Structures are given as structure tokens and as C-alpha cells.
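As C-alpha cells, the structure follows; a few thoughts come after it.
Protein chains in written order, with the working numbering: chain A, 1 to 291; chain B, 1 to 265; chain C, 1 to 274; chain D, 1 to 222.
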């Protein structure tokens, strides 16, 4: 490939003098200083940027809101410390949404024995905030080994398939599980994950055969691979990375960590875009003057 | 899935056909068949870049990237040989910054031989072939330090680069060096385009030694590669044809070509 | 022949076997050096290259039953052997570093104290790294660490890891200054590049979704919402272009591999000399 | 000895030291560069021994008495003959071993890496029940056109003259444009990940380090 776009502007002199000429050749350490300044400023004294939820995020919220009151939401928390930066805030925002809408939910994990404790702590804290009670408004089925086998059993007989909960209590004894016997008692499954191939099990064994609605939350790296399911309607909605978590936090009107980070990101992106615009304005206007 | 742990018959046939095409065309070229290679602008720039360092009386920096001894690195070293030859003829130093210690002896030998081939064995300075650091970012910082202290006038970045690419190229640019970069992996190319004067993308990297040396073996190989690519395009078109006939739902499970390549349900 | 490759029965036999094998291999190398002419040496090198490539290639392409063929059991040991042989080159890299910095210190060149710091850091990491490794403590670790472990914690957690993270994070700055400089509407190509970067960047942050939030999600125009458009660019403009580049590379690398394997490669180093 | 406070301060100073390079290369950044390179050299020796040689070579050779492992240092030692004029061919012998292994490794990776990408290109080009026409046009047709034009750019042995040549030239120009769009998109897509790295470092500096002696920073809840 030949000379790529981008040579020239070694200095302002090359671009011609004048204000717009100078705007084309801002020394790079000023740019670095600006970026550092914006990040530090926004971390310490944030000015909130508007957050408009994307269609995919709105879909998750709407799916939660649409669950009939006699049915449960199952949140499958298949993540651990390695992807916690994204999946943690996602889980938190989803739990908040369930509590806000007054839906009962059960946590479980198919793929992350180490991660379920982290999800449990998140749910516990949110429940305390909303005054929700364990066993009545929410519960934790714990980590269940067996992937597809667990789900096939779950569809037929929930108390048997799950057995005991996170604390070792048989789930059948929990008040909220009254009347929830099989898959018909589940109104929505939300898969939060940094692991590949778990969504496919839910799709193949639960969503496909029984038509149970499914929503999901993925790390930004994983998300693009799952858009086809969103297009096809197999999934009601999807949270994409920290951005999805921030949008969800905004929807439940409880801005947290994800909103803070995305706010800094928004400002940093705006700065970079502004720099590109200024550079181009300089290029066009200084060029016009010379002609 | 399955079928990828070992080859199936279709892969064997395909592989032998591709290999035979390339080797045949190499042998034909070695027997004197003339082969055409079109102009590749990024590679023409190498001579200009070496010339600039000569004019300014300052050294050249070459980095073969992070990979150990791999096909990418060997190709990078073939480009290095050409650059050192040009530079030695013009009494210009080339500093090679290395990340993998197993590449060190190979790079040293390449530089020494290139100096000899240029007829100037005395131009070889062992201390200019340098191991910098094994750790990715220590390598980046150390190489930037070399650029700054040696005031290199030209930077060549050819090989397997990862996140450190932008650290190297952006600092080289700040020092005013003329930079030529090439990396087969497309991921770092956008950052090279933003910071370097000339960029060699994708397969141009592998065409480089043929283009630079005009060695019949290599130009022959290039022609063979083009034939293989044409064959693969035909295969893709066939696959698309079958997919269009089957339709979206049945495609992945029933497309014969998908199954032959180890995919499908 | 294979019966020879049995573990030695006790320590004395081991020492004898080690010494014998060492003497034997040196003698072999001496004979090779003494009796092979330049042409035969080249042939030997080509043969070694060919066999090494054939081994790895054939294991994949030779028909396998239940995922195994006669070469499969050898893949792991041979790869380990190569990794070990390669590990012995570590001295070459360290030698090169010591040569450059040793000269700086010995001749008191400007900035020699930096080279002295290099030696200090290397020695400290080597000594305390190994010390830490051999000072195996039972889990859980005690609250108060023995001092060599504490020094290692400072070297690793206080210097090595933060230096790594800080250098990596420099990219945030460089990506900003590179974007400012490179994205100018100087040509059609530069403009296309800039436009794509613009849309994708905006599509990733909430402010982008807000900018085009007025377009109803269920309308025919929803495609032009920045986050949808950005995603479309990544998946349906970026991905096929990358595929095209990758296929080119695959064929280029295949040809290079074939030339290396068959010793057909030409050019300085690869053909001339012995 | 509890090293936590030292670790915190060393980390903060090292981070700030590296950041001085953002202005320009200077004595402070140079010092940290040398310390980093030194630490990484020492660490390389440590992990080469602990993770590689001790476990895979010394233990099998000495503890398990597999005497033939003595050939490994002999072969590895051949690399060092590179410094000798007369004996450097022996270094080439062992290099040849690695070159061959590199080529062979590529042969075995060829299909596992590229075949899935290859058959993923087989996209239906007509609408059907599952595939509305808008998706066929915007996704699949787009995909095939871009793939083919980009591939056409990488034909090096065909002249861009003559009727067929000019057509190829035009296709490859279009391919170049598509590649530029792709590169711009990749650039834009990476910005967020890179800014995140810096946010992480700033959180460390503001909350962990400054917050350790100025409570106001710790109380910001970052």
C-alpha cells in the first residue's frame, strides 16, 4: 500500500500560519494533557452525559417488566473474577431492575462455580436496599454442575433438579418457590456471561423447546457473536459490556460504577472527536486561505 | 464440530493441490520462465527510507516484532537482509531491536551475511543487533529509548506486532523518523496507517521479498500464490452457490462444502 | 535402540550415562565438522529442516483413527524438547544486554548510571525471584512475610507490574494523538477511514445513542441510529474486509512455509554461505 | 515485614515516571525504562528456570534419571556457535530444526485456523422465510462484494493493464476503499479499550495512592 493518508502536519509551519494553521498542528503533549485532564476531572467531579438506552438494553428491561407476577425470573450468572469489570455491574443493574419492577428472581450458575458467590453478594446488597427478603423475593440456587443435563431436568421438575440452594436449604421449602414446579413457573431467563457456548444450551434446551423468553448480558468482546439471535427474536434483549450495564443503570435510575466509567468514556470520546473536527476544520480553512 | 484435530481426505487433497501449484510455479520460474510482479508502493519506499537515513547520517531502526521463530519472523528477517544490504552499501548503520532470544542468533547471522553480500563485511557491528527485553511493554519502552538516544532517522517495523505497535510508531513519529511498517495481521494496521509514512498490509508482507529481490524462485512463488488464491475464490463462490440454493436455515447443516471443511452439525 | 532410552537405574549409572552421552554428542559434532564439506553441510541442514517440518505436518495429515496416528504420541515430547532447546538461547539475549550496558558502565559513557540501574534491577529480580520461588511457604501465607518475600513483592508488585500497566496505558494517549493527526479529509481514502472511525466511536458510548435517540427504534430509519450503524460497520463492512486480508495472508504464509521447509527460499542468509 | 506501603509508593512513582515520557523522552523516563528492562531480564531468567528448565529438563534428567535430556543443552548450545566464524554452520543446523518446526506447525494450523473462517463465507444470496431481503442486501451481498474486491487487491502477478487488467485494477481500488473503512472502524473500536486502561491507572493513583494520605480522594468512591 502506498503513502497512507496521514503524512504532512509534522508541524504547524508546514500547514501554513494563522489560527487554523496552528489548529492543524497542536503539539501532541497538549493533546495528552487534555485527555488526562478530562479523565481525571470526570472521575473526580463528573458532569453526567446523557445516556439513552439502546434497543438491545431496552429489550432486556421490557422483558423483565413483562414477566407475569406468578412467574419467576432466573438469572444465570455464568461469570467470575476475570470478567467482573463488565459482568459485575451488568448483574447489579439486572437485579436492580427485577427488584424495581417487583419481580421475584432466582440466581444460579451453570458454568462458574467461583463466580456465584460474587453474584450473591451483589444481589444481597441490592435486596437490602429495596428491603427485599431472601426466600420470599429472591433466592440463590447456587452452582449446578452438568450444563445441559441440569437444564433438561430443570424443565421437568425444578425442586428436584435444583435440590438445595446456596445455603443448603432445599428449595422446595422456600416460600417463593410455592407453585413453581417446572418450566412453566419461569417467566424469563437472563444469561449473564463471559463464557462462550452457555447461551446456546439455554437456547437449545429451554428457549427453543418451551418458548421461555431469554435475555442476556455479554462482555463487549463476546457480544457481536450473539446479535443474530437478537435479530431472529430468539433473544428479547442484550446488555453489551459496560455500556449495556450503564444503560441499564440509567433505566432503573440508579447510576453506579458503570455509569461513572461510561461517563468518563463519553467525555474522552467527545474530546477525541472534537480534536478530529478541529484538525479538519483547520485543514479546510487554512487550505482555503492559501488558495 | 470435529474433524479439525486431523485432516480429512478433502483437506489432504486441497493442501497437496495448493502446495503443488506453488512448488511447480517456483520450479518453472527457476528454469527461466519470466514472471510479472506489479508495483507495490509501500515496498518501493524502503529504498527512499534508507536513503533518508544516509543523507542525515543517522542510523536506521529495525524491529521484527514480538514473535519467536515463526514464518512471520522469517519473512521479516528476509526483508531485514535486503535493508541491511542497501544500508551497508551506503555506510548506514541498522540497529535491530529484538524481543525473542531465539531470534537473536538468526538476526545476527542475517545482518552479518547481508553486510558481506554488500561487499562490506566491516560494516557489521555486533553491538547493533540488540536483545531489548522479553516482556512486551519493556520491549516497547526499551526500543523507544533506543530510538531517542540513537536519533534514528528511519524506522522499519516488519513482523508480528501487537498492542506495542502504536507505542513504537507514535514515538518514532514524534522523533521525526520516516517510518515504513508491515504486519500480516490486520489488527494493528490502522495504527500503522495513522503513524507511519508507508504501510504494507496483509499479503503484501509476504510478497515483499519477491518484489525486492526479483529472485526467480520468489516471483515464481508469488505467481503460484495468485493461482491458489484464484482457486480459493472459486471454492468460495461454489460454497455461496450451494448456500443460496439451500437457503439460510439448511445451509450450515447441509452444505457439503461446509462439512468437507470440518464444519456443520 | 529404543531399549537404550530407559531411565538410569541409580545415581552412578545416571552420572556415567550423562557423561557418556555428552562425550558422544561432542564427538559426533566434531566428526560432522571435520569430515563434511560445505555442500554436505548444506544438505544436512536442509535434511534437518525437512524432517522437522515433515514430522509436524504429517502428524496432522496422516490418516488418524480416533484422533491418533503413529506420530501423535510423539508430538508432546518433541514439542517439549524443542521448547527446552529454545530455552537455552536465553543466554544469548542476556549476553547481548550485558554487552551493551556493560560497555556503558565500563567506559562511563553519558547515562551510564542508567545502565548501572539496569544491572541492579536485573540482579535483584534474579536473586529475589529465585529466592521467593524456593522459599515455599504453606498456604495461607503469614501476615508478616519473611524479608526476601517482601522484597520480591516490592520488585514485582511495586515496580514490574505497575511499569507494565503504565506503559500499556500510554496507548490511551497515543490513540488520541494519532487520531487527531491521521484523520484528515485529505483524500477519499482518508475520508472513508475517518467516517468509519467516527461512527464506530460514537456508537460505542452512550452519547452516540443519545445523539440519534430521536429515531424511533421500530421505524425503517432505525438503521441510522449511531449504535446500530456502528455495529453494522463492524460486522458487515469490517469483517469481510478482514477475511479477505486473512485469506491473502494464509496463502502467503503457506508459500513461505513451503519454501522454508523445502529449502527453496532465496535471498541473503537463506541461500548463500554454508 | 509488611511491604504493602512500599509497594503502593513504588507503584505510584513508577507509574508517574513512565508518564513523563508523554511530554518527551527524558532522564526520568530513561531511568525507569532501564529499571523495567532490567527487571524484565531478571524475570525472564527466573521464569525460564522455574517454569521451563527446572520442570521440563532438570527434574526429568536428574530426579527421574532420564539421561537423554543431556542432549537438549548440547543442541541448545549449538546456537552459541553463531559467534564463531568457522563453527557457525552448526548454529544453522539447529536453526534449521526450528525453521522446519515453524513451517510444519503452520501446516498443521492451516485448516484449524482458516477453514472455519472459510466456510463462514458461504452466505445465501437470496431471501427466504428466515432471511428478509433487507438482510440479504445489507449483510450478505455486502459481505461477498467486499470479500471479493479485497481479495482482488492481493493479486500481485497480474498487470493492471489491458481490458481484464483494468477491471481488476478497479476492483482492487474498491477493495482498498473497503479496507480503509475497515481500518477506520477497527481504530474507532479500539479507543474505548485503550481509554479504559488509563481509567484503571487513574483509579489506582487517585483512590489507592492519593486516597491513602488524602481522605478526600478515597471518599470519591471511584
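The beta carbon of each residue, even a glycine, is placed where N, CA and C say it ideally should be. Here the structure is a predicted model, which means the values were calculated and not measured.
Closer than 8 Å, CB to CB, is residue i near chain D or not?
{"i": "residue 264(A)", "result": "yes"}
{"i": "residue 154(B)", "result": "no"}
{"i": "residue 100(C)", "result": "no"}
{"i": "residue 272(A)", "result": "yes"}
{"i": "residue 80(C)", "result": "yes"}
Give the straight-line distance between the Cα atoms of residue i and residue j, rounded to the nearest whole angstrom.
{"i": "residue 231(B)", "j": "residue 70(C)", "result": "32 Å"}
{"i": "residue 2(A)", "j": "residue 96(D)", "result": "Below a pLDDT of 50, predicted positions are generally treated as unreliable, and residue 2(A), at 47, falls in that range; the measurement from the model is reported next regardless. Those two C-alpha atoms are separated by around 35 Å."}
{"i": "residue 6(A)", "j": "residue 190(B)", "result": "For residue 6(A), the predicted model reports a pLDDT of 39, less than 50, meaning its position is unreliable and no value from the coordinates is stated."}
{"i": "residue 141(B)", "j": "residue 80(B)", "result": "22 Å"}
{"i": "residue 6(D)", "j": "residue 213(D)", "result": "14 Å"}
{"i": "residue 139(A)", "j": "residue 120(A)", "result": "9 Å"}
{"i": "residue 109(B)", "j": "residue 168(C)", "result": "32 Å"}
{"i": "residue 169(D)", "j": "residue 40(B)", "result": "13 Å"}
{"i": "residue 176(C)", "j": "residue 191(D)", "result": "8 Å"}
{"i": "residue 165(C)", "j": "residue 9(B)", "result": "48 Å"}
{"i": "residue 257(B)", "j": "residue 122(D)", "result": "9 Å"}
{"i": "residue 272(A)", "j": "residue 285(A)", "result": "20 Å"}
{"i": "residue 147(A)", "j": "residue 109(A)", "result": "9 Å"}
{"i": "residue 247(B)", "j": "residue 142(A)", "result": "42 Å"}
{"i": "residue 152(C)", "j": "residue 117(C)", "result": "17 Å"}
{"i": "residue 152(D)", "j": "residue 31(C)", "result": "53 Å"}
{"i": "residue 223(C)", "j": "residue 178(D)", "result": "20 Å"}
{"i": "residue 183(A)", "j": "residue 207(A)", "result": "10 Å"}
{"i": "residue 259(C)", "j": "residue 119(C)", "result": "42 Å"}
{"i": "residue 73(D)", "j": "residue 53(D)", "result": "10 Å"}
{"i": "residue 131(A)", "j": "residue 45(D)", "result": "56 Å"}
{"i": "residue 260(A)", "j": "residue 230(C)", "result": "23 Å"}
{"i": "residue 27(A)", "j": "residue 188(D)", "result": "22 Å"}
Taking 8 Å as the CB-CB cut-off, is residue i touching chain B?
{"i": "residue 172(C)", "result": "no"}
{"i": "residue 73(D)", "result": "no"}
{"i": "residue 148(D)", "result": "yes"}
{"i": "residue 75(C)", "result": "no"}
{"i": "residue 88(D)", "result": "yes"}
{"i": "residue 204(D)", "result": "no"}
Spell out whether any CB of chain C is found under 8 Å from the CB atom of residue i.
{"i": "residue 80(D)", "result": "yes"}
{"i": "residue 64(D)", "result": "yes"}
{"i": "residue 60(B)", "result": "no"}
{"i": "residue 2(D)", "result": "yes"}
{"i": "residue 1(B)", "result": "Any reading at residue 1(B) is ruled out, since the residue's pLDDT is 34, under 50, leaving its predicted position unreliable."}
{"i": "residue 9(A)", "result": "Any reading at residue 9(A) must be qualified, since the residue scores a pLDDT of 40, below 50, and its modelled position is unreliable; the value itself is stated next. Yes, contact with chain C."}
State yes or no: is the C-beta of residue i nearer than 7 Å to some heavy atom of the ligand MG?
{"i": "residue 173(D)", "result": "For the structure depicted, the ligand MG is absent and the ligand set is empty, with no information on it obtainable."}
What does a CB cutoff of less than 6 Å around residue i pick up in its chain, not counting 5 residues either side in sequence?
{"i": "residue 26(B)", "result": "217, 220 and 221"}
{"i": "residue 229(A)", "result": "235"}
Within the 8 Å Cβ cut-off, does residue i reach chain G?
{"i": "residue 104(B)", "result": "No chain G appears in this structure, whose protein chains are A, B, C and D."}
Give the DSSP bridge partners of residue i, in chain order.
{"i": "residue 140(A)", "result": "107(A)"}
{"i": "residue 65(C)", "result": "68(C)"}
{"i": "residue 170(A)", "result": "164(A)"}
{"i": "residue 178(B)", "result": "154(B)"}
{"i": "residue 240(A)", "result": "218(A)"}
{"i": "residue 264(A)", "result": "None, per the DSSP bridge assignment."}
{"i": "residue 77(A)", "result": "192(A)"}
{"i": "residue 130(B)", "result": "97(B)"}
Excluding the 5 residues preceding and the 5 following residue i in the sequence, name in chain order all residues of the same chain whose CB lies nearer than 7 Å to its CB.
{"i": "residue 67(A)", "result": "73, 103, 187 and 188"}
So that I know if they touch, is there some Cβ in chain A lying closer than 8 Å to that of residue i?
{"i": "residue 119(D)", "result": "no"}
{"i": "residue 199(D)", "result": "yes"}
Query - Against chain C: residues of the stretch 30-44 of chain D by CB proximity under 9 Å - result: 30, 31, 32, 33, 34, 35, 36, 37, 38, 39, 40, 41, 42, 43 and 44
Query raised in the report: Relative to chain A, which residues along the stretch 232-252 of chain C have a C-beta separation below 8 Å, given in chain order?
Result: 234 and 235
Report task. Return the residues of the stretch 154-186 of chain D that lie within a Cβ-Cβ distance of less than 7 Å from chain A, sorted by chain order. Result -> none
**Report entry** Interface positions of the stretch 151-179 of chain C facing chain A (Cβ-Cβ less than 7 Å), listed along the chain
**Finding:** 172, 173, 176, 177 and 179
Query raised in the report: Name the residues in the stretch 3-26 of chain D whose C-beta lies less than 9 Å from a C-beta of chain A; which are they?
Result: 19, 22, 23 and 24
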